[in-house]
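Novice:
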Ligand SMILES: [Zn+2]
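Protein chains in written order, with the numbering used here: chain A, 1 to 501; chain E, 1 to 329.
Have a look at this one:
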């Protein structure tokens with residue numbers, strides 16, 4: 001049931017032994033052992049090779065560049081597509097005191113961005129959005145200094161075959177060649193064979209690149225498909241799950257749903273839940289992370305992009321209150337659970353009406369050849385396009401692709417999206433082992449798994465109550481009762497925050 | 001954005017909705033300033049610097065859909081319906097609309113707020129030996145300012161900061177003190193999350209933000225009024241010396257020295273129209289604008305019917321009628 005190591009190219013380890021690396025791991029990070037994939041990837045990078053790591057969420061991808069930091073000269077540049085994740089990762093590096101960190105994204109003012117660029121040599125790590133990396137001033141600055149390691153996070157976004165294709169990733173290959181990093185590390189949680197080829201090709205990585213692909217299987221996460229007839233029963237079952245009193249992350253589709261669900265949970269049990277989405281300021285998000293880490297909040301209700309930023313290793317329960325966008329998102333999102341290796345539960349709610357609703361959403365978001373052509377003819381007049389669609393077309397235009405080619409690409413990817421969605425729906429309505437299906441879908445050489453009572457199940461049998469009784473989540477990590485969340489008097493707040501003289 | 005918040009910016013008389021958008025966003029043109037003045041929104045100037053036109057429009061059409069405003073597309077105006085007025089009154093009665101925060105005197109609200117919260121986080125962490133952490137704001141300039149402030153006040157300063165905070169919170173109206181104190185958090189004491197605080201106050205998160213700005217406005221007025229009691233808070237939360245930009249400030253300063261208009265025109269090498277605009281800005285934004293200054297009087301007497309004279313008169317009249325009910329500083 002462990003990871004399959006698939007090194008597709010090159011000789012194996014460099015000069016550093018795994019034992020030496022583990023000693024350092026223990027000294028610097030306090031862990032006794034590496035997670036699957038970490039050691040071989042580190043060995044490859046330390047010997048100067050480029051590498052692609054396909055590691056499941058929660059397998060410690062950020063440890064790789066944190067570990068390498070003292071071993072390489074020059075700046076570590078991390079390209080990451082999600083602003084919220086960048087801030088969270090930067091925060092982790094700061095808390096661990098690994099060096100000076102800068103986050104360069106659209107949230108900074110022009111003056112602040114210039115300041116960071118001017119003093120770039122002083123930083124150890126810089127986190128960048130792919131869009132920021134497109135700016136000539138940023139590229140120029142990176143060409144002037146030594147980049148010791150370029151990390152491309154969420155590298156599957158570079159492939160139009162992947163469900164999360166981002167046109168802003170298209171030029172990363174050219175930019176990489178221009179800034180000449182000493183090493184490149186591409187990371188992703190999910191990549192089938194096609195996507196893997198695209199990553200290597202589009203990033204212009206050499207044939208000697210070291211590739212490690214781990215199995216997506218996470219045996220400690222119990223998978224549960226929960227088909228429900230209507231919203232009422234979904235809500236009642238959620239209450240039962242939340243009643244387990246364990247650290248819980250609930251994914252919903254929109255900000256509004258996050259707020260509404262939080263409010264309903266709060267009415268049941270004041271102070272246990274908070275929502276977490278793009279509408280909150282950095283300060284508010286940081287604060288909620290703190291409270292969650294300190295077990296002063298038991299439930300966080302998040303939109304999918306932001307839930308990925310939640311960093312709590314003892315999450316016992318992940319609930320998909322609404323369906324994620326696709327199979328890949330689902331896999332990544334459940335990966336937040338049980339990162340401490342202890343048993344955890346991932347429940348996804350499915351309603352019959354979801355199928356039609358989501359199929360229609362896919363069709364609605366589809367760009368027609370006419371609207372693509374119109375955009376290329378009149379890029380300043382966005383017509384009926386939403387900001388997301390505008391962003392996609394804008395990026396293609398900047399990549400200087402002709403309209404006809406973009407129409408062809410987008411048609412193919414739209415069909416692909418639809419097929420991918422149908423495969424996900426098959427999973428959501430299936431009756432066979434869920435874990436096996438995940439491995440079959442994502443792993444290059446899926447292993448035959450042994451299904452057991454502690455593996456997965458679909459409603460109605462066994463019942464959710466039976467599953468919960470079997471798992472005994474509360475016994476592993478029962479969160480202490482959340483602190484009462486009523487307002488405190490100003491003087492009491494100050495006494496709590498500060499030491500009295 | 002939360003659509004209903006926009007209700008606070010409209011009235012039964014039609015208003016130009018673009019001007020309101022630019023005002024909230026903080027676009028400084030003279031026509032915008034006049035519109036903000038006319039609508040009583042000068043203090044709330046720059047309240048939403050990141051507001052996008054699309055979001056604003058969406059909020060406005062939502063209000064239209066709910067029959068709270070009527071939009072006249074051809075005139076680019078909007079006005080409250082009587083239902084809208086009822087909602088507006090209810091909304092304002094909740095007390096979150098930031099009437100106490102004066103942008104021109106206090107500077108950008110969000111920056112001041114982040115300075116205050118960051119200072120609390122930094123000092124609390126420092127006292128509990130928490131050295132490595134994520135600062136609560138990503139804004140580098142604010143991080144630097146707070147760092148410089150901390151260096152200046154020294155280690156003992158942290159303790160005095162806490163004392164000043166305690167004193168100020170005790171002096172503020174109860175609600176404002178509660179809102180400010182319960183917004184504080186550090187890595188030692190994580191406080192209560194914003195959304196929970198909002199709920200405890202029966203506000204939405206968007207309304208809470210405005211309530212926080214309003215409370216901050218009261219705090220800033222207090223520390224400006226009682227300079228001697230709050231030296232450390234004043235250093236942390238510096239307020240602009242003048243609401244005017246550099247060139248307008250220069251012009252107004254010349255006027256205050258008693259120079260004649262023609263002398264100012266000669267010295268400045270700017271167009272007369274530009275200089276008059278500077279003075280209009282001063283009239284709009286400086287609560288103590290000196291209408292008695294010789295250069296101003298010269299301009300008013302030279303042509304009482306001119307655009308300049310008319311506007312200055314309007315501003316002064318509006319101000320004197322308002323000071324009856326409201327305190328100035
Ligand atoms: Zn199974």
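Just so you know, even glycine gets a beta-carbon here, dropped at the ideal spot from N, CA and C. In this text, all values refer to a predicted model and were calculated from it rather than measured experimentally.
1) Taking 7 Å as the cut-off, does the CB of residue 132 of chain E come closer than this to any heavy atom belonging to ligand 1?
2) For residue 187 of chain A, report the span of its beta strand (DSSP E) as first-last.
3) Name, please, each residue of chain E whose Cβ falls closer than 7 Å to the Cβ of residue 486 of chain A.
4) Can you give, in chain order, each stretch of the alpha helix (DSSP H) that sits fully within the region 53-117 of chain E and has at least 4 residues?
5) Terminal residues of the continuous alpha helix (DSSP H) containing residue 191 of chain A?
6) Which word fits residue 86 of chain A, buried or exposed, when buried means at least 16 other C-beta atoms lie within 10 angstroms of its C-beta?
7) Hey, residue 214 of chain E and residue 99 of chain E: beta-carbon distance below 8 Å or not?
8) Output needed for residue 384 of chain A: all residues of its chain with C-beta closer than 8 Å, excluding positions within five of it in sequence on either side, in chain order.
9) Among the candidates A/357, A/428, A/337, whose CA atom is the shortest distance from the CA of residue 226 of chain A?
10) Exposed or buried, which one is residue 2 of chain A when buried takes at least 16 other CB atoms within 10 Å?
11) Looking at the structure shown, is residue 148 of chain A part of a helix, part of a strand, or coil, going by DSSP?
12) Around ligand 1, what residues have a beta-carbon under 5 Å from a heavy atom of it, in chain order?
13) Decide if residue 325 of chain A is buried, meaning its Cβ has at least 16 other Cβ atoms within 10 Å, or exposed.
14) Are the region 284-298 of chain A and the region 349-358 of chain A in contact at 8 Å, needing three or more beta carbon pairs?
15) So which residues on chain E does residue 467 of chain A lean against when the C-beta distance must stay under 7 Å?
16) Within 8 Å of any Cβ in chain C, is that where the Cβ of residue 213 of chain E sits?
17) State yes or no: is the beta carbon of residue 334 of chain E nearer than 8 Å to at least one beta carbon in chain A?
18) Can you tell me whether residue 325 of chain E is buried or exposed, with buried defined as 16 or more other CB within 10 angstroms of its CB?
19) Taking all protein chains shown into account, do 16 or more other C-beta atoms lie within 10 angstroms of the C-beta of residue 284 of chain A, making it buried, or fewer, making it exposed?
20) Whole angstroms is fine: what's the gap from residue 316 of chain E's alpha carbon to residue 293 of chain E's?
21) Is it buried or exposed for residue 92 of chain E, if we count other Cβ within 10 angstroms and need 16 for buried?
22) Expressed to the nearest angstrom, what Euclidean distance is found between the alpha-carbon atoms of residue 403 of chain A and residue 79 of chain E?
23) From the beta carbon of residue 4 of chain E, is the nearest beta carbon of chain A less than 8 Å away?
24) When you compare only the Cα positions, how much space is there between residue 314 of chain A and residue 340 of chain A?
25) Give, in chain order, every residue of the region 165-182 of chain E whose Cβ lies closer than 8 Å to some Cβ of chain A.
26) With a threshold of 8 Å between beta carbons, is residue 288 of chain A in contact with chain E?
27) Got a sec, what are the start and stop residues for the alpha helix (DSSP H) residue 116 of chain A sits in?
28) Any C-beta of chain E sitting closer than 8 Å to the C-beta of residue 283 of chain A?
29) Just to confirm before moving on: does the CB-CB distance between residue 106 of chain E and residue 59 of chain E stay below 8 Å?
30) Under 8 Å by Cβ, that's how I've got residue 158 of chain A and residue 169 of chain A pegged, so tell me the actual separation to the nearest angstrom.
31) Among E/48, E/228, E/197, which one has its Cα closest to the Cα of residue 109 of chain E?
32) Residues of chain A with CB under 7 Å from residue 184 of chain E, in chain order?
33) Is the distance from the Cβ of residue 203 of chain A to the Cβ of residue 191 of chain A below 8 Å?
34) Going by DSSP, name the residue or residues bridged to residue 320 of chain E.
Specialist: The answer reads as follows:
1) As a first step, residue 132 of chain E must be located in the second chain, where it is residue number 132. For ligand 1, not one heavy atom lies less than 7 Å from the Cβ of residue 132 of chain E.
2) On the first chain, position 187 is the one that residue 187 of chain A refers to. Going by DSSP, residue 187 of chain A is part of the beta strand (DSSP E) stretching over 183-188.
3) One-based indexing of the first chain puts residue 486 of chain A at position 486. Ordered by position in chain E, the residues that pass the 7 Å Cβ test against residue 486 of chain A are 200.
4) If one requires a minimum length of 4 residues, the alpha helix (DSSP H) runs lying completely within the region 53-117 of chain E are 53-65, 82-93, 103-106, in chain order.
5) The residue you call residue 191 of chain A lines up with position 191 of the first chain. That residue, residue 191 of chain A, is in no alpha helix (DSSP H); it is neither H nor E in DSSP.
6) Translated into the one-based positions of the first chain, residue 86 of chain A becomes position 86. By the neighbour-count rule (16 or more Cβ atoms within 10 Å), residue 86 of chain A is buried.
7) Against the second chain, residue 214 of chain E aligns to sequence position 214. Against the second chain, residue 99 of chain E aligns to sequence position 99. Contact flag set, yes.
8) Position 384 of the first chain, counted from the start, is the residue given in the question as residue 384 of chain A. Only 371 meet the Cβ criterion.
9) For the purposes of this step, residue 226 of chain A is taken as the residue at position 226 of the first chain. Residue A/428 is the option with its Cα nearest to residue 226 of chain A.
10) The residue labelled residue 2 of chain A in the question sits at position 2 within the first chain. Summary for residue 2 of chain A: the model assigns pLDDT 34, below 50, so the residue's position carries little reliability, and this model does not support an answer.
11) On the first chain, residue 148 of chain A is found 148 positions in, with the first residue counted as 1. Secondary structure at residue 148 of chain A: strand, using DSSP grouped into helix, strand and coil.
12) Cβ atoms closer than 5 Å to ligand 1 belong to A/433, A/435, A/451, A/455, A/456.
13) Taking the first chain and counting its residues from 1, one reaches residue 325 of chain A at position 325. By the beta-carbon neighbour count (other beta carbons within 10 angstroms, threshold 16), residue 325 of chain A is buried.
14) At 8 Å Cβ cutoff, the stretches do not touch.
15) The residue you call residue 467 of chain A lines up with position 467 of the first chain. Under the 7 Å cutoff, chain E gives no residues; its nearest Cβ is about 31 Å from residue 467 of chain A.
16) Given the protein chain composition of this structure (A and E), no chain C is represented.
17) Outside the displayed span of chain E (1 to 329) sits residue 334 of chain E, for which this structure offers no information.
18) Here residue 325 of chain E is taken as the residue at index 325 of the second chain, counted from 1. Residue confidence is low: residue 325 of chain E scores 42 on pLDDT, short of 50, so the model does not pin down where it sits. Its coordinate-derived value is still stated next. Counting other Cβ atoms within 10 Å of its Cβ, residue 325 of chain E stays below 16 and is therefore classed as exposed.
19) Here residue 284 of chain A is taken as the residue at index 284 of the first chain, counted from 1. Buried is the label assigned to residue 284 of chain A, since at least 16 other Cβ atoms lie within 10 Å of its Cβ.
20) Along the second chain, one-based indexing puts residue 316 of chain E at 316. Along the second chain, one-based indexing puts residue 293 of chain E at 293. Whole-angstrom Cα-Cα distance: 14 Å.
21) Counted from its first residue, the second chain places residue 92 of chain E at position 92. Burial call: exposed.
22) Residue 403 of chain A sits at position 403 when you count from the first residue of the first chain. Residue 79 of chain E sits at position 79 when you count from the first residue of the second chain. In a straight line, the C-alpha of residue 403 of chain A is about 44 Å away from that of residue 79 of chain E.
23) Numbered from 1 along the second chain, position 4 holds the residue referred to as residue 4 of chain E. No, no contact with chain A.
24) By 1-based counting over the first chain, the position of residue 314 of chain A is 314. By 1-based counting over the first chain, the position of residue 340 of chain A is 340. Going by the C-alpha atoms only, they are around 6 Å apart.
25) Answer in chain order: 165, 166, 169, 170, 177, 178, 180, 181, 182.
26) As a first step, residue 288 of chain A is located in the first chain; it is residue number 288 there, counting from the start. The C-beta of residue 288 of chain A comes closer than 8 Å to at least one C-beta of chain E.
27) Translated into positions along the first chain, residue 116 of chain A becomes position 116. It spans 110-118 - the alpha helix (DSSP H) in which residue 116 of chain A sits, taken as one unbroken run.
28) Numbered from 1 along the first chain, position 283 holds the residue referred to as residue 283 of chain A. Contacts with chain E at 8 Å (Cβ-Cβ) include residue 283 of chain A.
29) For the purposes of this step, residue 106 of chain E is identified with residue 106 of the second chain, where counting begins at 1. For the purposes of this step, residue 59 of chain E is identified with residue 59 of the second chain, where counting begins at 1. Their beta carbons are not under 8 Å apart, which means residue 106 of chain E does not touch residue 59 of chain E by this criterion.
30) The sequence position of residue 158 of chain A within the first chain is 158, counting from 1. The sequence position of residue 169 of chain A within the first chain is 169, counting from 1. That belief holds up - the Cβ atoms of residue 158 of chain A and residue 169 of chain A are roughly 4 Å apart, short of 8 Å.
31) Taking the second chain and counting its residues from 1, the one referred to as residue 109 of chain E is at position 109. Ranking E/48, E/228, E/197 by Cα distance to residue 109 of chain E puts E/48 first.
32) Counting from 1 along the second chain, the entry for residue 184 of chain E is found at position 184. Within chain A, the residues near residue 184 of chain E are 493, 497.
33) On the first chain, residue 203 of chain A is found 203 positions in, with the first residue counted as 1. On the first chain, residue 191 of chain A is found 191 positions in, with the first residue counted as 1. At least 8 Å separates the beta-carbon of residue 203 of chain A from that of residue 191 of chain A.
34) To locate residue 320 of chain E, count along the second chain from 1; it is residue 320. In the DSSP secondary-structure assignment, residue 320 of chain E is not bridged to any residue.
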